[in-house]
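Below: one structure, written as structure tokens.
Numbering (our numbering), first residue to last: 104 to 244.
Below is the structure:
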């Protein structure tokens, strides 16, 4: 199972636009300010598992809570969990939680996102999201 996280932010929306000559274009940020949302998930051969959306950027405490509360219940004895080298992934407590579930933890080589298939899934997800953000009200569709 490959584990990774991705994020979106309200600053991904367009910052320029067009309007009638002599008028000023005004559009606010969603929620009135910039906001980051993080998605953490796993990818098995059968599809996405253990998804969790966090309201804000991820840190070591959030990731440890994700592993304990969301990921571990999805693990089966003998599973191999593969992650990149983010410092929050390398906490001893994260390893202990995964190994207590009967799984093995492995890390990808440094700077090798091409070896992590969940990166491709997240890339498609972000492309779809950005396509919708190009149009006002696109996320409401």
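By construction, the Cβ of each residue, glycine as well, lies at the ideal position given by its N, Cα and C atoms.
Contact between residue 183 and residue 207 holds: their C-beta atoms lie close to 5 Å from each other, under 8 Å.
For residue 200, the enclosing alpha helix (DSSP H) covers residues 195-203. In terms of Cβ geometry, residue 180 and residue 145 do not form a close pair [threshold 7 Å]. Note on geometry: alpha-carbon atoms of residue 128 and residue 121 lie some 7 Å from one another. Non-local beta-carbon contacts of residue 211 in its own chain, meaning distances under 8 Å to residues more than five positions away in sequence, involve 185, 186, 187, 188, 218, 219 in chain order.
In the three-state scheme derived from DSSP, where H, G and I count as helix and E and B as strand, residue 231 is classed as helix. Ranking 147, 200, 224, 228 by CA distance to the CA of residue 171 puts 200 first.
If you draw a straight line from the Cα of residue 147 to the Cα of residue 176, it comes to about 14 Å.
The shortest C-alpha to C-alpha distance from residue 168 to any of 149, 143, 150 is the one to 143.
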